[in-house]
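So the mapping is simple: the numbering used here equals the position in the sequence shown, first residue as 1, plus 556. One structure is given below, encoded as structure tokens.
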Amino acid sequence: MTPILKVTMGLGGGIFLLVAALLIVPRLQPAQIVSTGPGVKVAFDAALAGQGKQLFANRYACSVCHQVSSAGVSGASVGPDLSRVLLAQVPQGTRPELNPLEKWMKEKGLARPEDDPEKAAGLVTQYLANPPDYSSTMKGQVLRFKDTAGGDDAWLKDVKAIVELLKQAATK
Ligand code: HEC
């Protein structure tokens with residue numbers, strides 16, 4: 557093979573790969589971009605977050621209404637995607653009434669949860685322990701979850717694992 561032929565074939569192969577990549581790459585992109593910026597820096601316990609993921613997907617079936625796409629938890633869209641809920645952030649276009657945590661955190665004196673993710677995690681825990689009246693769906697659901705758990709204390713223990721999952725999700 558003459559060197560010039562080799563070069564031409566090399567070029568042809570390169571262009572073929574480039575075209576293939578351009579055709580394939582857009583299909584690998586997630587349909588919905590939920591991250592509103594780089595992941596927040598917050599420490600979390602990976603084993604507890606793993607338990608939280610099981611509780612979320614199986615025991616309480618939160619995924620009937622929510623997904624946590626950044627943590628690989630698929631689910632429905634009745635409630636918001638919880639990937640950045642630690643910071644009270646929801647995907648763009650979400651109706652404000654689906655984001656009660658924003659109001660909740662402001663009421664508790666944390667207008668910028670990204671400045672204090674640990675405090676934000678504590679407020680998400682409090683919210684899930686007893687959602688306010690203006691979070692009407694969750695208020696009803698949590699009564700049901702307390703029944704499933706076997707009381708307030710058992711529910712709070714499970715909430716802590718679920719919040720660990722939400723911390724992990726927010727780091728991505
Ligand atoms: C029947 C559907 C449904 C189920 C099941 C459900 N949620 Fe929700 N969730 C909602 C809706 C709707 C909202 C919006 C606020 C409201 O109406 O309470 C919400 C809001 C939230 C919020 C606050 C979101 C924000 O941006 O302020 C969190 C956190 C949350 N849910 C966590 C959970 C967890 C954890 C579970 C399971 C233990 C769960 N949800 C189960 C429907 C549901």
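Where is the CB? At the ideal position from N, CA and C, for every residue including glycine.
Going by beta carbons, glycine 635 and glutamine 623 fall outside the 7 Å limit. DSSP places serine 692 inside the alpha helix (DSSP H), whose first and last residues are 692-705. Pairwise C-beta distances place the region 657-668 out of contact with the region 703-711, as fewer than three of them are shorter than 8 Å. A straight line joining the alpha-carbon of valine 641 with that of leucine 657 spans about 8 Å. For a cut-off of 8 Å, the C-beta gap from leucine 679 to valine 715 is around 12 Å, too long to register as a contact.
Excluding five sequence positions before and after asparagine 655, the CB atoms of its chain that fall closer than 7 Å to its own CB belong to Pro636, Ala644, Val646, given in chain order.
Non-local C-beta neighbours of tyrosine 616 in its own chain, meaning closer than 6 Å and more than five positions away in sequence, comprise Phe701, ordered along the chain. Residue pairing of valine 629 in beta bridges, as defined by DSSP: Val624. In summary, leucine 699 is exposed, with fewer than 16 beta-carbon neighbours lying within 10 Å of its beta-carbon over all protein chains present. Lysine 664 sits in coil when the DSSP states are folded into three classes, being neither helix nor strand. Asparagine 686 carries a coil assignment under DSSP once its states are collapsed to helix, strand and coil. Going by DSSP, valine 634 is part of no alpha helix (DSSP H) at all; its letter is neither H nor E.
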